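Top to bottom, those sequences are chains A and B.
In terms of the numbering used here, the first sequence opens at residue 1 and continues consecutively.
In terms of the numbering used here, the second sequence opens at residue 459 and continues consecutively.
Backbone N, C-alpha and C fix where the C-beta goes; we use that ideal spot for every residue, glycine too.
Keep in mind the model is a prediction, meaning the values are calculated, not measured.
Since the structure comes first, as structure tokens, the remarks are kept for the end.
Number of protein chains: 2
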Amino acid sequence: MNAVEEYLRGTQERAVDSLCDLLRIPSIATDAARRDDITAAAGWVRDYLAGIGGSVEIWPTAGWPAVFAEFRARESAASTVLVYGHYDVQPTGELSRWTSPPFEPRVDSTGRIYARGAADNKGQFFLQVRAVEAWMKTLGAPPVNVKFLIEGEEEIGSPNLPPLIRDRRERLRCDLVIVSDTPLWRANRPAISLGTRGITGLEVKVTGPNRDLHSGIFGGSAPNPIAVLCRMLARLHDNANRVAVPGFYDDVQPIPDDLRAEWRALEPDIQHEAAEIGCPFTGEQGYSTLERRWLRPTLEFNGITGGFQGAGSNTIVPATASAKITCRLVPDQDPDRIQSLLADFLRSIAPPAVKVELSLRKSGARPYSIDPAHPALRAAGKVLEDVYGVRPVRVREGLSLPILPMFKELLAADTVLLGFCDPGCNAHSFDEFFDSRDLLRGSMAAARFLAQVREALR
Amino acid sequence: MNAVEEYLRGTQERAVDSLCDLLRIPSIATDAARRDDITAAAGWVRDYLAGIGGSVEIWPTAGWPAVFAEFRARESAASTVLVYGHYDVQPTGELSRWTSPPFEPRVDSTGRIYARGAADNKGQFFLQVRAVEAWMKTLGAPPVNVKFLIEGEEEIGSPNLPPLIRDRRERLRCDLVIVSDTPLWRANRPAISLGTRGITGLEVKVTGPNRDLHSGIFGGSAPNPIAVLCRMLARLHDNANRVAVPGFYDDVQPIPDDLRAEWRALEPDIQHEAAEIGCPFTGEQGYSTLERRWLRPTLEFNGITGGFQGAGSNTIVPATASAKITCRLVPDQDPDRIQSLLADFLRSIAPPAVKVELSLRKSGARPYSIDPAHPALRAAGKVLEDVYGVRPVRVREGLSLPILPMFKELLAADTVLLGFCDPGCNAHSFDEFFDSRDLLRGSMAAARFLAQVREALR
Numbered sequence: 001m002n003a004v005e006e007y008l009r010g011t012q013e014r015a016v017d018s019l020c021d022l023l024r025i026p027s028i029a030t031d032a033a034r035r036d037d038i039t040a041a042a043g044w045v046r047d048y049l050a051g052i053g054g055s056v057e058i059w060p061t062a063g064w065p066a067v068f069a070e071f072r073a074r075e076s077a078a079s080t081v082l083v084y085g086h087y088d089v090q091p092t093g094e095l096s097r098w099t100s101p102p103f104e105p106r107v108d109s110t111g112r113i114y115a116r117g118a119a120d121n122k123g124q125f126f127l128q129v130r131a132v133e134a135w136m137k138t139l140g141a142p143p144v145n146v147k148f149l150i151e152g153e154e155e156i157g158s159p160n161l162p163p164l165i166r167d168r169r170e171r172l173r174c175d176l177v178i179v180s181d182t183p184l185w186r187a188n189r190p191a192i193s194l195g196t197r198g199i200t201g202l203e204v205k206v207t208g209p210n211r212d213l214h215s216g217i218f219g220g221s222a223p224n225p226i227a228v229l230c231r232m233l234a235r236l237h238d239n240a241n242r243v244a245v246p247g248f249y250d251d252v253q254p255i256p257d258d259l260r261a262e263w264r265a266l267e268p269d270i271q272h273e274a275a276e277i278g279c280p281f282t283g284e285q286g287y288s289t290l291e292r293r294w295l296r297p298t299l300e301f302n303g304i305t306g307g308f309q310g311a312g313s314n315t316i317v318p319a320t321a322s323a324k325i326t327c328r329l330v331p332d333q334d335p336d337r338i339q340s341l342l343a344d345f346l347r348s349i350a351p352p353a354v355k356v357e358l359s360l361r362k363s364g365a366r367p368y369s370i371d372p373a374h375p376a377l378r379a380a381g382k383v384l385e386d387v388y389g390v391r392p393v394r395v396r397e398g399l400s401l402p403i404l405p406m407f408k409e410l411l412a413a414d415t416v417l418l419g420f421c422d423p424g425c426n427a428h429s430f431d432e433f434f435d436s437r438d439l440l441r442g443s444m445a446a447a448r449f450l451a452q453v454r455e456a457l458r
Numbered sequence: 459m460n461a462v463e464e465y466l467r468g469t470q471e472r473a474v475d476s477l478c479d480l481l482r483i484p485s486i487a488t489d490a491a492r493r494d495d496i497t498a499a500a501g502w503v504r505d506y507l508a509g510i511g512g513s514v515e516i517w518p519t520a521g522w523p524a525v526f527a528e529f530r531a532r533e534s535a536a537s538t539v540l541v542y543g544h545y546d547v548q549p550t551g552e553l554s555r556w557t558s559p560p561f562e563p564r565v566d567s568t569g570r571i572y573a574r575g576a577a578d579n580k581g582q583f584f585l586q587v588r589a590v591e592a593w594m595k596t597l598g599a600p601p602v603n604v605k606f607l608i609e610g611e612e613e614i615g616s617p618n619l620p621p622l623i624r625d626r627r628e629r630l631r632c633d634l635v636i637v638s639d640t641p642l643w644r645a646n647r648p649a650i651s652l653g654t655r656g657i658t659g660l661e662v663k664v665t666g667p668n669r670d671l672h673s674g675i676f677g678g679s680a681p682n683p684i685a686v687l688c689r690m691l692a693r694l695h696d697n698a699n700r701v702a703v704p705g706f707y708d709d710v711q712p713i714p715d716d717l718r719a720e721w722r723a724l725e726p727d728i729q730h731e732a733a734e735i736g737c738p739f740t741g742e743q744g745y746s747t748l749e750r751r752w753l754r755p756t757l758e759f760n761g762i763t764g765g766f767q768g769a770g771s772n773t774i775v776p777a778t779a780s781a782k783i784t785c786r787l788v789p790d791q792d793p794d795r796i797q798s799l800l801a802d803f804l805r806s807i808a809p810p811a812v813k814v815e816l817s818l819r820k821s822g823a824r825p826y827s828i829d830p831a832h833p834a835l836r837a838a839g840k841v842l843e844d845v846y847g848v849r850p851v852r853v854r855e856g857l858s859l860p861i862l863p864m865f866k867e868l869l870a871a872d873t874v875l876l877g878f879c880d881p882g883c884n885a886h887s888f889d890e891f892f893d894s895r896d897l898l899r900g901s902m903a904a905a906r907f908l909a910q911v912r913e914a915l916r
């Protein structure tokens, strides 16, 4: 173990450089024009894994390819873990909001690496790669068999991963999945995660007239799609900020009392976030902030557009208006059922004078939970406490990792979330960063976990 | 009169070519980058007016310049009319929606001239220019003194026109203003207009978090500005499609019974428009379509924007959402008062968790009415009946011409609206057109009106 950790410490500077090389590739999966960048990112991952002694393959899909690698333990009866990650990244949003360009990584004086994808997920899957690299370069093999599956479509909901996993089920067989794609509880304080929220969504488009009309000539006598859309969207929540779609809460499980108590004790820890994001916390009446994030479902508007968007004014009654909606789901909500309920409700409240079209998001995800008594969770808790010097807290994730319920269903394997990014790392927003110190601590924890998990899964 | 009309017929082909030259200049006033185009358009107007014998000046303003010209009648005691128009045009909107490029004029087989600004207002002020040209080229002088004021900021609400008119009041002195910026009642059937609606507006911007947040991490616990904006906008109308801003209707005058009766008789004439715009008429309960357009005020959403706008999805709680709102006003609503009422109401319904910022539109316009018994209106009615062979109908305009109340206030002159574009001419939308036959008939009517008005104003 000492040699492994020495290796990680001794090669940390080079590790940061390598990660920056990967971060320079703008592998945005939502953008079809990024084919070359996606290919370059997948190639980078393939080459790195091969370079540290893995047996590596590019697995094509109907969309962007995945990278698969295997590292065998010496012991033939060793257990097998599968590390899942993704090399694709979110779109950048408005470039002017970034302090430095999103695809020109910048390491500040505190060691933070700023770039799109630094935390989500390039930096985080890379620390798992580094853990295996350390075992390979010092002892020649990891303590358990390690497989990597690094895909390129996570940020678009992994549409081609289910068939890939189904087709490659034998190659992917494992006893446990490890994913580093979640945050620390707070800087220097790790977390043990009990699960993730699911997701579903749709886009709603309202069409009134077949073209933009002069609001002087027609104003007051034709349906205004923005007005219609706003009235429809305003009906999706009630005054208590509960989702007002009939049936939405039918399958929602109550929050266990022990978790409610633990989480309420954590609330003071997150009060500073309100100042950081510049607005007070709000949400569904009757729940604490962490309950709202972790075990209450949501209906959020991600974008809205309609009519004249430029500077100045253009006095029109616009032809169309549309909005993007996603729901975060909790056990035991089903993404398809919630999507249907939402679609049915929107159709039911659409006024007759307009046309309402719905584009259903194809890539839903179920919520996921791991048994709090799972031995791998205990092993993870010990490792995190050893590396960070403090007991991890029990949390859930508000975000969705579609892959977790998928692995449970297709490989019968549970997933341990070993997350190391700062909770304020700006994933999906401007100035995303990953702290290079967490790259090091994370790689050390990941390396130890491989040894611990050998015992836990025996 | 015969020589004048012969001239117009004989030079009509060249007139279409000249108009197309002007239409090629993309003089979009809302776009600060268009300085050269604006200058070119103003120069074109100046050169044309000088070329037909006018004494012409460019009048600079704090914004885009205006063109002023004078043509003197032989009779020293002759009355004076002022022709007002504008050489600036609306933005094009999405270029892909145009059948042919908006600044490459296309004349179709029926004689329609397609281009941005063809109807609003280049083609329409040009027919007034043509009328004076015909008098000048045949008889050497018009029957009354004619002044032209062709400005470059109408589509942005003429912000610099009031000081210009105040400063140049003596030069602009006149007995009557003539404006061609309104439509025919329908193709081949002219209209006599009794007035215009006013306008005011504002932009409302809601800010929640200070940056886009990951909807997985923060979703459900932070205010969503799109949700807040939609709920606020949804409260601006009631279920009867009345504007729900307190005090909004306080100063609205009831529609006179004779006009209600006349306008209800015109309703069958406009039923085809619902098919053309592809949606049924809707609006304030208790009023006919024409009443809604002409003598009822409106509150319209011209544009809305917030969060992720691109293809695919970006699961954020956005930082901001905003909407552009304009109100059309009727006698005796005051634009400043309505703007204040709207702003106050929006502030009063803004929830405390978000920041609501209002940008007040600076260039409001009052509604305008001319006395139905004004002698110039009778003269206009006779001329239109002579040229079109059918009695014009009494209408109002739903649109706003800020210049009309301004001339009344600053020059004590009423305005006659002599409009010749097709009511379906797509002003402010895609595929705007002006029929070259109406360019000819309009110029003939305008030429006759100059003779008629000499008697009427005596």
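For the putative contact between residue i and residue j, defined by C-beta atoms under 8 Å, what is the C-beta separation to the nearest angstrom?
i	j	result
Val662(B)	Leu816(B)	6 Å
Leu360(A)	Gly247(A)	So it is not a contact: roughly 17 Å between Cβ atoms.
Ser400(A)	Leu194(A)	Incorrect: roughly 15 Å between the Cβ atoms, too far for contact.
Gly117(A)	Val89(A)	4 Å
Ala680(B)	Phe126(A)	Ala680(B) to Phe126(A), Cβ: 30 Å. No contact.
Pro825(B)	Pro789(B)	5 Å
Gly398(A)	Asp181(A)	Rounded, the Cβ-Cβ distance is 13 Å, inconsistent with contact.
Gly666(B)	Val851(B)	The pair is not a contact, with the Cβ atoms about 51 Å apart (cut-off 8 Å).
Gly678(B)	Arg328(A)	7 Å
Ala42(A)	Tyr87(A)	6 Å
Here's the rule: buried if 16 or more other CB atoms are within 10 angstroms of the residue's CB, otherwise exposed. What is residue i?
i	result
Pro518(B)	exposed
Val775(B)	buried
Glu612(B)	buried
Gln729(B)	exposed
Asn699(B)	buried
Ala649(B)	buried
Ala187(A)	exposed
Pro484(A)	There is no way to answer for residue 484(A), as the model of chain A reaches only from 1 to 458.
Gly512(B)	buried
Ala376(A)	buried
Lys820(B)	exposed
Ala535(B)	exposed
Ile58(A)	exposed
Just list the residues that DSSP pairs residue i with in beta bridges.
i	result
Arg106(A)	Tyr114(A)
Thr756(B)	Arg786(B)
Trp59(A)	Ala66(A)
Ala321(A)	Val206(A), Gly306(A)
Inset, instruction - Please go through the stretch 679-721 of chain B and give each complete alpha helix (DSSP H) segment of 4 or more residues, from N-terminal end onward. - result: 683-692, all fully within the stretch 679-721 of chain B.
Inset, instruction - Closer than 7 Å, Cβ to Cβ, to anything on chain B: give me those residues from the stretch 276-309 of chain A, in chain order. - result: Legend: CB atoms of the stretch 276-309 of chain A lying less than 7 Å from CB atoms of chain B belong to residues Ile277, Gly278, Cys279, Pro280, Phe281, Thr282, Gly283, Glu284, Thr289, Arg292, Arg293, Arg296, Thr298, Glu300, Phe301, Asn302, Gly303, Ile304, Thr305, Gly306, Gly307, Phe308, Gln309.
Legend entry - Residues from the stretch 532-553 of chain B in contact with chain A, defined by Cβ distance under 7 Å: Cβ contacts with chain A come from Gln548, Pro549, Gly551.
Legend entry - Short-range partners of chain A found in the stretch 766-795 of chain B, where Cβ spacing is below 8 Å: Answer set for the stretch 766-795 of chain B: Phe766, Gln767, Gly768, Ala769, Gly770, Ser771, Asn772, Thr773, Ile774, Val775, Pro776, Ala779, Ala781, Lys782, Thr784, Arg786.
Inset, instruction - Entirely within the stretch 135-223 of chain A and at least 3 residues each: give me those beta strand (DSSP E) ranges in chain order. - result: If we require 3 residues or more, the beta strand (DSSP E) runs fully inside the stretch 135-223 of chain A come out as 145-151, 176-179, 191-193, 198-207.
Legend entry - Segments of 4+ residues assigned as alpha helix (DSSP H) that fall wholly inside the stretch 340-401 of chain A: With a minimum length of 4 residues, the unbroken runs of alpha helix (DSSP H) contained wholly in the stretch 340-401 of chain A fall at 375-388.
Inset, instruction - May I ask you to list, following chain order, the residues of the stretch 614-626 of chain B that have a beta carbon less than 7 Å from some beta carbon of chain A? - result: Going along the stretch 614-626 of chain B in chain order, one finds Ile614 with a Cβ nearer than 7 Å to chain A.
Inset, instruction - Please name the residues in the stretch 29-54 of chain A whose beta-carbon is closer than 7 Å to at least one beta-carbon of chain B, in chain order. - result: Residues passing the 7 Å Cβ filter: Thr30.
Inset, instruction - Enumerate, from N- to C-terminal direction, the unbroken alpha helix (DSSP H) stretches of 4 or more residues contained entirely within the stretch 474-513 of chain B. - result: Listed in chain order, they are 493-509.
Inset, instruction - With 9 Å as the limit, tell me which residues of the stretch 192-219 of chain A have their beta carbon closer than that to any beta carbon of chain B; keep them in chain order. - result: Within the stretch 192-219 of chain A, the residues whose Cβ lies closer than 9 Å to some Cβ of chain B are Thr196, Arg197, Ile199, Gly201, Glu203, Thr207, Gly208, Pro209, Asn210, Arg211, Asp212, Leu213, His214, Ser215, Gly216, Ile217, Phe218, Gly219, listed in chain order.
Inset, instruction - Check each residue of the stretch 389-420 of chain A: if its Cβ is closer than 8 Å to any Cβ of chain B, include it; give the result in chain order. - result: Shown in chain order are the members of the stretch 389-420 of chain A whose Cβ falls below 8 Å from a Cβ of chain B: Glu397, Gly398, Leu399, Ser400.
Legend entry - Residues within the stretch 233-250 of chain A neighbouring chain B, beta-carbon criterion of under 9 Å: The residues in question are Leu233, Ala234, Arg235, Leu236, His237, Asn241.
Legend entry - Residues in the stretch 876-895 of chain B having any Cβ partner in chain A nearer than 9 Å: Residues are counted here when their Cβ sits less than 9 Å from a Cβ of chain A; for the stretch 876-895 of chain B these are Pro881, Asn884, Ala885, His886, Ser887, Phe888, Asp889, given in chain order.
Inset, instruction - Output, in sequence order along the chain, the residues in the stretch 116-132 of chain A whose CB is closer than 7 Å to any CB in chain B. - result: Residues of the stretch 116-132 of chain A with a C-beta less than 7 Å from any C-beta of chain B: none at all.
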